[in-house]
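A quick write-up on the structure given underneath.
So, in C-alpha coordinates, the structure goes:
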(Lines of atoms letter the chains of each structure in order from A; the text may use other names.)
(Lines give C-alpha, C1' and ligand atoms only; values in the text may rest on other atoms or scores of the structure.)
Protein backbone atom coordinates (compact mmCIF):
# COMPACT_ATOMS: atom_id res chain seq x y z
CA UNK A 1 0.00 0.00 0.00
CA UNK A 2 2.79 2.37 0.94
CA UNK A 3 4.63 1.53 -2.28
CA UNK A 4 1.49 2.27 -4.29
CA UNK A 5 1.08 5.66 -2.57
CA UNK A 6 4.69 6.61 -3.32
CA UNK A 7 4.22 5.64 -6.96
CA UNK A 8 1.06 7.74 -7.16
CA UNK A 9 2.79 10.75 -5.62
CA UNK A 10 5.65 10.45 -8.08
CA UNK A 11 3.21 10.24 -10.99
CA UNK A 12 1.39 13.36 -9.83
CA UNK A 13 4.68 15.24 -9.47
CA UNK A 14 5.70 14.21 -12.98
CA UNK A 15 2.40 15.39 -14.43
CA UNK A 16 2.69 18.72 -12.61
CA UNK A 17 6.24 19.20 -13.95
CA UNK A 18 5.07 18.44 -17.49
CA UNK A 19 2.25 20.96 -17.21
CA UNK A 20 4.61 23.62 -15.85
CA UNK A 21 7.03 22.95 -18.70
CA UNK A 22 4.26 23.27 -21.30
CA UNK A 23 3.00 26.48 -19.70
CA UNK A 24 6.53 27.88 -19.66
CA UNK A 25 6.97 27.13 -23.36
CA UNK A 26 3.60 28.69 -24.15
CA UNK A 27 4.42 31.80 -22.12
CA UNK A 28 7.73 32.15 -23.92
CA UNK A 29 5.93 32.01 -27.25
CA UNK A 30 3.31 34.51 -26.09
CA UNK A 31 5.98 37.00 -24.96
CA UNK A 32 7.60 36.82 -28.39
CA UNK A 33 4.28 37.50 -30.11
CA UNK A 34 3.56 40.36 -27.74
CA UNK A 35 6.90 41.98 -28.56
CA UNK A 36 6.15 41.67 -32.26
CA UNK A 37 2.75 43.29 -31.75
CA UNK A 38 4.28 46.01 -29.58
CA UNK A 39 6.71 46.84 -32.37
CA UNK A 40 3.88 47.54 -34.78
CA UNK A 41 2.42 50.22 -32.50
CA UNK A 42 5.57 51.48 -30.73
CA UNK A 43 6.07 55.23 -30.64
CA UNK A 44 9.40 55.95 -32.29
CA UNK A 45 10.24 59.06 -30.31
CA UNK A 46 13.27 60.48 -28.50
CA UNK A 47 13.14 57.70 -25.88
CA UNK A 48 13.37 55.08 -28.60
CA UNK A 49 16.20 56.93 -30.36
CA UNK A 50 18.20 57.38 -27.16
CA UNK A 51 17.86 53.69 -26.28
CA UNK A 52 18.56 52.48 -29.82
CA UNK A 53 21.74 54.55 -30.06
CA UNK A 54 23.22 52.30 -27.38
CA UNK A 55 22.81 49.26 -29.65
CA UNK A 56 25.96 48.48 -31.62
CA UNK A 57 24.77 45.15 -33.02
CA UNK A 58 22.63 42.07 -32.44
CA UNK A 59 24.76 38.98 -31.83
CA UNK A 60 23.83 35.50 -33.03
CA UNK A 61 26.22 32.71 -31.86
CA UNK A 62 27.62 30.74 -34.79
CA UNK A 63 27.07 27.37 -33.10
CA UNK A 64 23.36 28.12 -32.68
CA UNK A 65 23.13 29.49 -36.22
CA UNK A 66 24.75 26.33 -37.58
CA UNK A 67 22.04 24.22 -35.96
CA UNK A 68 19.39 26.53 -37.38
CA UNK A 69 20.54 26.40 -41.02
CA UNK A 70 21.18 22.65 -40.78
CA UNK A 71 17.60 22.01 -39.66
CA UNK A 72 15.89 19.92 -42.36
CA UNK A 73 13.89 21.96 -44.92
CA UNK A 74 15.16 25.36 -43.74
CA UNK A 75 15.52 27.43 -46.91
CA UNK A 76 15.41 30.99 -45.58
CA UNK A 77 16.21 32.91 -42.41
CA UNK A 78 13.98 35.70 -41.21
CA UNK A 79 15.15 38.37 -38.79
CA UNK A 80 11.96 39.11 -36.86
CA UNK A 81 11.44 42.50 -35.21
CA UNK A 82 10.00 43.04 -31.74
CA UNK A 83 9.94 45.84 -29.18
CA UNK A 84 10.58 46.15 -25.44
CA UNK A 85 12.36 48.60 -23.11
CA UNK A 86 12.19 51.31 -25.79
CA UNK A 87 14.48 49.18 -27.96
CA UNK A 88 14.13 47.16 -31.12
CA UNK A 89 14.50 43.45 -30.39
CA UNK A 90 15.52 40.93 -33.07
CA UNK A 91 15.44 37.15 -33.27
CA UNK A 92 16.10 34.91 -36.26
CA UNK A 93 13.88 32.05 -37.38
CA UNK A 94 14.55 29.38 -39.98
CA UNK A 95 11.64 28.78 -42.35
CA UNK A 96 10.85 26.46 -45.24
CA UNK A 97 9.77 27.52 -48.74
CA UNK A 98 6.23 28.06 -47.49
CA UNK A 99 7.32 30.27 -44.58
CA UNK A 100 6.71 27.71 -41.85
CA UNK A 101 8.92 28.29 -38.78
CA UNK A 102 11.20 25.33 -38.07
CA UNK A 103 13.86 26.73 -35.72
CA UNK A 104 14.81 29.97 -33.98
CA UNK A 105 17.75 31.73 -32.28
CA UNK A 106 17.54 34.71 -29.93
CA UNK A 107 20.03 37.54 -30.18
CA UNK A 108 22.15 39.24 -27.57
CA UNK A 109 22.48 42.99 -27.83
CA UNK A 110 26.02 44.34 -28.04
CA UNK A 111 25.60 47.69 -26.36
CA UNK A 112 28.99 48.87 -25.14
CA UNK A 113 29.49 52.30 -26.68
CA UNK A 114 33.22 51.66 -27.10
CA UNK A 115 32.47 48.80 -29.47
CA UNK A 116 31.20 51.18 -32.12
CA UNK A 117 34.88 52.05 -32.68
CA UNK A 118 35.45 48.50 -33.89
CA UNK A 119 33.56 49.43 -37.03
CA UNK A 120 36.51 51.58 -38.05
CA UNK A 121 38.18 48.45 -39.42
CA UNK A 122 35.56 48.44 -42.17
CA UNK A 123 37.12 51.64 -43.48
CA UNK A 124 40.48 49.94 -44.01
CA UNK A 125 38.97 46.79 -45.51
CA UNK A 126 39.41 46.01 -49.17
CA UNK A 127 36.50 45.98 -51.58
CA UNK A 128 34.09 43.07 -51.78
CA UNK A 129 35.65 39.61 -51.79
CA UNK A 130 35.02 37.20 -54.64
CA UNK A 131 32.84 34.21 -53.83
CA UNK A 132 32.52 30.93 -55.69
CA UNK A 133 28.93 31.56 -56.82
CA UNK A 134 27.12 34.46 -58.45
CA UNK A 135 24.37 34.10 -55.87
CA UNK A 136 26.71 34.86 -52.97
CA UNK A 137 28.43 37.67 -54.84
CA UNK A 138 25.08 39.35 -55.47
CA UNK A 139 24.52 39.62 -51.71
CA UNK A 140 27.96 40.96 -50.82
CA UNK A 141 28.30 44.65 -50.05
CA UNK A 142 31.54 46.59 -49.83
CA UNK A 143 32.69 47.29 -46.24
CA UNK A 144 32.87 51.04 -46.77
CA UNK A 145 29.30 51.13 -48.11
CA UNK A 146 28.18 49.18 -45.04
CA UNK A 147 29.94 51.65 -42.76
CA UNK A 148 28.26 54.56 -44.55
CA UNK A 149 24.87 52.91 -44.07
CA UNK A 150 25.48 52.19 -40.37
CA UNK A 151 26.66 55.76 -39.75
CA UNK A 152 23.63 57.13 -41.62
CA UNK A 153 21.33 55.20 -39.26
CA UNK A 154 23.15 56.58 -36.21
CA UNK A 155 22.82 60.09 -37.65
CA UNK A 156 19.10 59.53 -38.18
CA UNK A 157 18.77 58.51 -34.51
CA UNK A 158 20.52 61.72 -33.49
CA UNK A 159 18.03 63.86 -35.38
CA UNK A 160 14.98 61.79 -34.31
CA UNK A 161 13.26 62.67 -37.57
CA UNK A 162 11.18 60.44 -39.85
CA UNK A 163 12.04 57.30 -37.86
CA UNK A 164 8.70 55.72 -38.65
CA UNK A 165 9.19 56.48 -42.34
CA UNK A 166 12.56 54.75 -42.61
CA UNK A 167 11.23 51.69 -40.78
CA UNK A 168 8.07 51.32 -42.86
CA UNK A 169 6.82 50.67 -46.37
CA UNK A 170 3.87 52.77 -47.50
CA UNK A 171 2.79 53.29 -43.90
CA UNK A 172 3.18 49.64 -42.83
CA UNK A 173 6.03 49.02 -40.39
CA UNK A 174 8.57 46.33 -41.28
CA UNK A 175 7.90 42.95 -39.60
CA UNK A 176 10.97 40.99 -40.60
CA UNK A 177 13.84 40.72 -43.09
CA UNK A 178 14.30 37.56 -45.17
CA UNK A 179 17.54 36.11 -46.50
CA UNK A 180 18.53 32.78 -48.02
CA UNK A 181 19.93 30.36 -45.44
CA UNK A 182 22.84 29.63 -47.81
CA UNK A 183 24.28 33.06 -47.04
CA UNK A 184 24.46 32.32 -43.32
CA UNK A 185 25.94 28.90 -44.13
CA UNK A 186 28.71 30.61 -46.08
CA UNK A 187 29.54 32.87 -43.14
CA UNK A 188 29.82 29.82 -40.89
CA UNK A 189 32.66 28.39 -42.99
CA UNK A 190 35.08 30.72 -41.27
CA UNK A 191 35.81 29.11 -37.90
CA UNK A 192 37.14 32.43 -36.55
CA UNK A 193 33.58 33.75 -36.56
CA UNK A 194 32.19 33.25 -33.06
CA UNK A 195 29.18 35.50 -33.61
CA UNK A 196 27.29 36.77 -36.60
CA UNK A 197 26.65 40.43 -35.97
CA UNK A 198 23.53 42.05 -37.37
CA UNK A 199 24.07 45.78 -37.79
CA UNK A 200 21.29 48.16 -38.74
CA UNK A 201 21.89 50.78 -41.39
CA UNK A 202 20.20 52.80 -44.10
CA UNK A 203 20.20 51.55 -47.69
CA UNK A 204 20.62 53.85 -50.73
CA UNK A 205 16.89 54.71 -50.74
CA UNK A 206 16.95 55.69 -47.06
CA UNK A 207 15.21 52.66 -45.56
CA UNK A 208 16.54 50.64 -42.61
CA UNK A 209 18.27 47.46 -43.74
CA UNK A 210 20.50 44.82 -42.19
CA UNK A 211 24.22 44.16 -42.58
CA UNK A 212 25.58 40.76 -41.52
CA UNK A 213 29.23 40.70 -40.46
CA UNK A 214 31.26 37.84 -39.00
CA UNK A 215 32.78 38.69 -35.60
CA UNK A 216 35.61 37.00 -33.69
CA UNK A 217 35.68 36.04 -30.00
CA UNK A 218 36.20 39.70 -29.07
CA UNK A 219 33.34 40.75 -31.36
CA UNK A 220 35.87 42.51 -33.55
CA UNK A 221 35.70 42.82 -37.32
CA UNK A 222 38.63 41.57 -39.36
CA UNK A 223 39.78 43.17 -42.58
CA UNK A 224 38.39 41.54 -45.71
CA UNK A 225 40.56 39.05 -47.56
CA UNK A 226 42.22 40.25 -50.75
CA UNK A 227 42.23 36.81 -52.37
CA UNK A 228 38.72 35.89 -51.29
CA UNK A 229 39.66 32.21 -51.52
CA UNK A 230 37.90 31.40 -48.28
CA UNK A 231 35.24 32.93 -46.08
CA UNK A 232 36.59 35.89 -44.13
CA UNK A 233 35.37 37.73 -41.07
CA UNK A 234 35.44 40.92 -43.12
CA UNK A 235 32.72 39.75 -45.52
CA UNK A 236 29.60 41.90 -45.30
CA UNK A 237 26.29 40.59 -46.58
CA UNK A 238 23.24 42.66 -47.31
CA UNK A 239 20.20 42.22 -49.49
CA UNK A 240 17.76 41.05 -46.82
CA UNK A 241 14.23 41.62 -48.13
CA UNK A 242 11.93 43.56 -45.77
CA UNK A 243 8.33 42.55 -45.19
CA UNK A 244 6.39 44.46 -46.31
CA UNK A 245 6.57 44.65 -49.28
CA UNK A 246 8.08 41.21 -49.86
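Numbering (the numbering used here), first residue to last: 1 to 246. Using N, Cα and C, we set each Cβ at its ideal position, and we do this for glycine too.
Opposite residue i in the DSSP bridges: which residues?
{"i": "residue 89", "result": "82"}
{"i": "residue 210", "result": "200"}
{"i": "residue 140", "result": "237"}
{"i": "residue 64", "result": "Bridge partners of residue 64: none, in fact."}
{"i": "residue 103", "result": "94"}
{"i": "residue 77", "result": "94, 179"}
{"i": "residue 169", "result": "172"}
Inspect the beta-carbon positions of residue i and residue j and report whether they are closer than 8 Å.
{"i": "residue 90", "j": "residue 81", "result": "yes"}
{"i": "residue 76", "j": "residue 95", "result": "yes"}
{"i": "residue 211", "j": "residue 171", "result": "no"}
{"i": "residue 163", "j": "residue 49", "result": "yes"}
{"i": "residue 235", "j": "residue 140", "result": "yes"}
{"i": "residue 69", "j": "residue 102", "result": "no"}
{"i": "residue 186", "j": "residue 136", "result": "yes"}
{"i": "residue 64", "j": "residue 188", "result": "no"}
What does the Cβ neighbour count give for residue i, buried or exposed, with the cut at 16 atoms within 10 Å?
{"i": "residue 161", "result": "exposed"}
{"i": "residue 25", "result": "Below a pLDDT of 50, predicted positions are generally treated as unreliable, and residue 25, at 34, falls in that range; the measurement from the model is reported next regardless. Answer is exposed; the Cβ neighbour count stays below 16."}
{"i": "residue 72", "result": "exposed"}
{"i": "residue 201", "result": "buried"}
{"i": "residue 34", "result": "exposed"}
{"i": "residue 224", "result": "Note on residue 224: pLDDT 46, under 50, position unreliable in the model; no value is reported."}
{"i": "residue 56", "result": "buried"}
{"i": "residue 220", "result": "exposed"}
{"i": "residue 218", "result": "exposed"}
{"i": "residue 46", "result": "exposed"}
{"i": "residue 43", "result": "exposed"}
{"i": "residue 159", "result": "exposed"}
My assumption, with CB atoms under 8 Å, is that residue i sits in contact with residue j. Please give the rounded CB distance.
{"i": "residue 62", "j": "residue 196", "result": "6 Å"}
{"i": "residue 157", "j": "residue 52", "result": "6 Å"}
{"i": "residue 242", "j": "residue 174", "result": "5 Å"}
{"i": "residue 177", "j": "residue 60", "result": "Their Cβ separation, rounded to whole angstroms, is 13 Å, which puts residue 177 and residue 60 out of contact at 8 Å."}
Quick one, which of the options has its alpha-carbon nearest residue i's?
{"i": "residue 167", "options": "85, 245, 54", "result": "245"}
{"i": "residue 205", "options": "47, 133, 165, 175", "result": "165"}
{"i": "residue 214", "options": "47, 184, 79", "result": "184"}
{"i": "residue 85", "options": "102, 74, 99, 39", "result": "39"}
{"i": "residue 134", "options": "182, 46, 57, 207", "result": "182"}
{"i": "residue 41", "options": "152, 83, 221", "result": "83"}
{"i": "residue 238", "options": "144, 32, 54, 67", "result": "144"}
{"i": "residue 58", "options": "108, 98, 193, 45", "result": "108"}
{"i": "residue 207", "options": "153, 138, 193, 100", "result": "153"}
{"i": "residue 151", "options": "100, 209, 97", "result": "209"}
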